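Asks:
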Amino acid sequence: MTTLTRGANTAVPAAALDVAVTGAVQGSVDLMVFQLGADRKVRSDHDFVFFNQPTSPEGAVTLAAADRVTVALTGVPADIEVLAVAVSLADEIPGTLADVTGLGVGVSGPGLQIDAPVLGLTTERAAVLIEIYRRGSEWKLRNVSAGWTEGLAALAQEHGVSVDGEAAAPTPPAAPTSKGPAVDLGKRTGAVNLAKGQRVSIEKSPVITASVSWPPSTDYDVYALVRYRDGHTETVSQFGTKQDKKFQTSTRDQAVRHLGDIKRDKKATEAVEKVEIRINPDIVAVVPVAYSAQSNGAGSFFQYKVSMAIDNGLGTRVQVDAANGHQNPMVFTCVPGIIVNAENGIDIVSLELYSAEGSENRPIVNADLSITMDAGPTNAFK
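Start counting the sequence shown at 205; every next residue gets the next number (the numbering used here).
(1) Between the C-alpha atoms of Ile336 and Ser409, what's the straight-line distance to the nearest angstrom?
(2) Just how far apart, CA to CA, sit Tyr427 and Val365?
(3) For Gly549 versus Ile406, is the C-beta distance shorter than 8 Å?
(4) Taking C-beta to C-beta, are Glu285 and Gly313 nearer than 8 Å?
(5) Can you find the residues in the same chain that come closer than 8 Å, C-beta to C-beta, to Val632, ignoring five residues on each side of it along the sequence?
(6) Within 10 Å of its beta-carbon, does Met205 have 16 or more other beta-carbons around it, so buried, or fewer, so exposed?
(7) Terminal residues of the continuous beta strand (DSSP E) containing Gln317?
(8) Determine the DSSP secondary structure at Thr437, reduced to helix, strand or coil.
(9) With a threshold of 8 Å on Cβ separation, who are the neighbours of Asp457 within its own chain once the five nearest residues in sequence on each side are excluded?
(10) Quick one: using the 10 Å Cβ neighbour count with 16 as the cut-off for buried, is Val387 buried or exposed?
(11) When we look at the beta-carbon of Met534 and count the other beta-carbons within 10 Å, is it buried (16 or more) or exposed?
(12) Output the boundary residues of the beta strand (DSSP E) element that contains Leu221.
(13) Give the DSSP-derived three-state secondary structure of Leu463 in the structure shown.
(14) Taking a contact to mean a Cβ-Cβ separation below 8 Å, would you say Arg461 touches Glu480 in this structure?
(15) Less than 8 Å between the C-beta atoms of Val440 and Val430, yes or no?
(16) For the alpha helix (DSSP H) containing Leu307, list its first residue and its last residue.
(17) Taking just the CA atoms, how far does Lys449 sit from Thr576?
(18) The alpha helix (DSSP H) that contains Gln361, what's its start and end?
(19) If you run the structure through DSSP and keep just helix, strand and coil, what is Ala302?
(20) So what's Gly279 in DSSP terms, helix, strand or just coil?
(21) Tell me which residue opens and which closes the beta strand (DSSP E) that Asp425 is part of.
(22) Going by other Cβ atoms of all chains shown within 10 Å of its Cβ, with 16 needed for buried, is Asp578 buried or exposed?
(23) Tell me whether the beta-carbon of Val275 lies closer than 8 Å to the beta-carbon of Ala288.
(24) Which partner residues does Ile550 have in the DSSP bridge list?
(25) Let me confirm a value: Thr537 is counted as buried when at least 16 other C-beta atoms fall within 10 Å, else exposed. Which label applies?
(26) Would you mind giving the Cβ-Cβ distance between Leu359 and Ile318, rounded to the nearest angstrom? I have them listed as a contact below 8 Å.
(27) Is the region 251 to 266 close to the region 541 to 555, with three or more CB pairs under 8 Å?
(28) For the candidate residues Ile542, Phe443 and Val304, whose alpha-carbon lies nearest to that of Val488?
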């Protein structure tokens, strides 16, 4: 383990980080992260990650718990130079951060363990604890342990977040109805087959089912990324990641549910895993993902063609085939398409995106609903 004193820094060779802050408790000692450019300011209020906006616009920084932040450094935008991890005392809490017992930061990742105790605070009610920052093509981490007696408003204003007496909660951007130069087929009913790069709109219904299917001779798995209007993304799945083995089979609001893991069955004619979507105004988009772990053995998306079907239960079914299946057996992840909660219906866009060779990392959903492959946490083998 590397221990950093105040002002000390060290290299960060890991791409996925877990940042645990002892002493952080939501409602008393609030944890937050500022994504900063070269001017050490946020690009907009959306770069302020806190309990009301727990995920950065690109999805690389997530407030995973009241005392924990996860960071996928490969997903941090190129124009972000610094991630400032900070805390502040709630207005109703008396005293200063110096009164918080054991305040400190532990940063872990593959082959990495850094301890950054918070040192030297006296009258501060808000402080930057550590900075994760670029140095050339590499990332480094510094124990900052410095803050503001005036509290959260001064901390936020220093980093360019809009304040009005105190830091204002960012207003989330309106969700676009679709993304990219997709060929728009307009609104359809009945059976629709989408080719790569096509978009169709269907009628919104109380329950929409996304089914991903493949030959039963192999064992693919499906999970879904659910992007919310407030900027955070939740994952529904039947397995976790190397960074966090825990998983959720439904979103916190129960709107999106994974209906169960399907095992390899040579007697079956088809393997199908389903995600059930009860769309609500808070949901912007749902992205089903097909994944085949290295442990499943040789095979490719070309050999085991994956297909996704979206059914609104009103007689309309949209088929999205991965017709251009990647022939490399070391490509493990496919995003067939995206389901977008549009103003006048449900937009479905055929994407057919594939991960890089050998990558076990999940994709992320960006604020503009584009998908960045391989930028998320690493899947845990089942």
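Glycine included, C-beta positions come from ideal geometry on N, C-alpha and C. Predicted, not measured: the structure shown is a model, and the values here were computed from it.
Replies: In this structure, then:
(1) 44 Å
(2) 34 Å
(3) yes
(4) no
(5) Nothing about residue 632 can be read from this structure; the chain reaches only from 205 to 586.
(6) exposed
(7) Leu316 to Pro321
(8) strand
(9) These residues qualify, in order along the chain: Asn484 and Asp486.
(10) exposed
(11) exposed
(12) Ala220 to Thr226
(13) coil
(14) In contact: Arg461 and Glu480 (Cβ atoms closer than 8 Å).
(15) yes
(16) It is not in any alpha helix (DSSP H) - Leu307 carries neither H nor E in the DSSP assignment.
(17) 22 Å
(18) Leu356 to Glu362
(19) If DSSP states are grouped into helix, strand and coil, Ala302 belongs with the helices.
(20) helix
(21) That run of the beta strand (DSSP E) goes Asp425 to Tyr432.
(22) buried
(23) The criterion of a C-beta distance shorter than 8 Å is not satisfied by Val275 and Ala288.
(24) Ile406 and Asn545
(25) buried
(26) Not quite, the Cβ-Cβ distance comes to about 23 Å (not below 8 Å), so this is no contact.
(27) no
(28) Ile542
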